[in-house]
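Written out below as structure tokens is the structure these notes cover.
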Amino acid sequence: MSKIRRVAVTSPQTRLAHARRRSRHRWRQPRLPVGDTQRATTLYRAQRRRGVPALVLMFALLLGLPGIFAIFPGLDTVRLLGIPVSWLMIAVLPYPAMAVLARWQLRRAERLEDDP
């Protein structure tokens with residue numbers, strides 16, 4: 005009866021990470037050409053600026069919910085399918101809203117990358 009040899013299958017990134025750990029000298033990140041470095045830096049800054057509105061909207065949503073409950077305390081008495089609307093707003097509303105914000109931000113960032 006012959007033994008079947010097991011082979012570990014890993015991604016190239018995992019192999020690189022393991023190789024870096026095993027190497028004795030310090031690993032250095034490869035340098036980009038000057039033109040690419042400038043473009044990457046400009047793109048990074050522009051994407052950060054464009055990310056601020058999405059981040060502000062996310063925090064306004066999450067931190068604004070308690071304010072809405074303070075302004076409208078009657079939301080605790082309103083029920084939908086036997087569940088208080090205030091609970092639904094906390095448990096259900098933020099996730100689709102954050103997914104929409106993330107999608108919006110991703111499209112804006114990709115548009116920046118597509119510009120020449």
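For this note's numbering, add 4 to where a residue sits in the sequence shown, where the first one is 1. All C-beta atoms in this analysis are idealised placements derived from N, C-alpha and C, irrespective of residue type, glycine included. Source: prediction; values computed, not measured.
Can you tell me whether residue 75 is helix, strand or coil according to DSSP? Helix.
Under the three-state reduction of DSSP, which class applies to residue 35: helix, strand or coil? Under the three-state reduction of DSSP, residue 35 is assigned to coil, being neither helix nor strand.
Mind checking who residue 87 pairs with in its DSSP beta bridge? 84, per the DSSP bridge assignment.
Terminal residues of the alpha helix (DSSP H) in which residue 105 lies: Residue range 98-118 is occupied by the alpha helix (DSSP H) that includes residue 105.
Under 8 Å: do the region 34-46 and the region 70-90 share three or more Cβ pairs, one atom per stretch? No: the two stretches stay apart, fewer than three of their Cβ pairs being nearer than 8 Å.
Determine, using beta-carbon pairs with one atom in the region 95-110 and one in the region 42-60, whether at least three such pairs fall under 8 Å. With contact defined as three or more Cβ pairs closer than 8 Å, the region 95-110 and the region 42-60 are in contact.
Who are the Cβ neighbours of residue 42 in its own chain at under 8 Å, not counting the five residues just before and after it? No residues qualify anywhere along the chain.
Within a Cβ cutoff of 7 Å, which residues of the same chain sit near residue 73, ignoring the five residues on either side of it in sequence? Closer than 7 Å at the Cβ level, and outside the excluded window around residue 73, lie 79 and 90.
Consult DSSP for residue 8 and reduce its assignment to one of helix, strand or coil. Three-state result, residue 8: coil.
Relative to the alpha-carbon of residue 69, which residue among 87, 99, 94 and 54 has its alpha-carbon at the smallest distance? Just measuring C-alpha positions, the residue of 87, 99, 94 and 54 sitting nearest residue 69 is 94.
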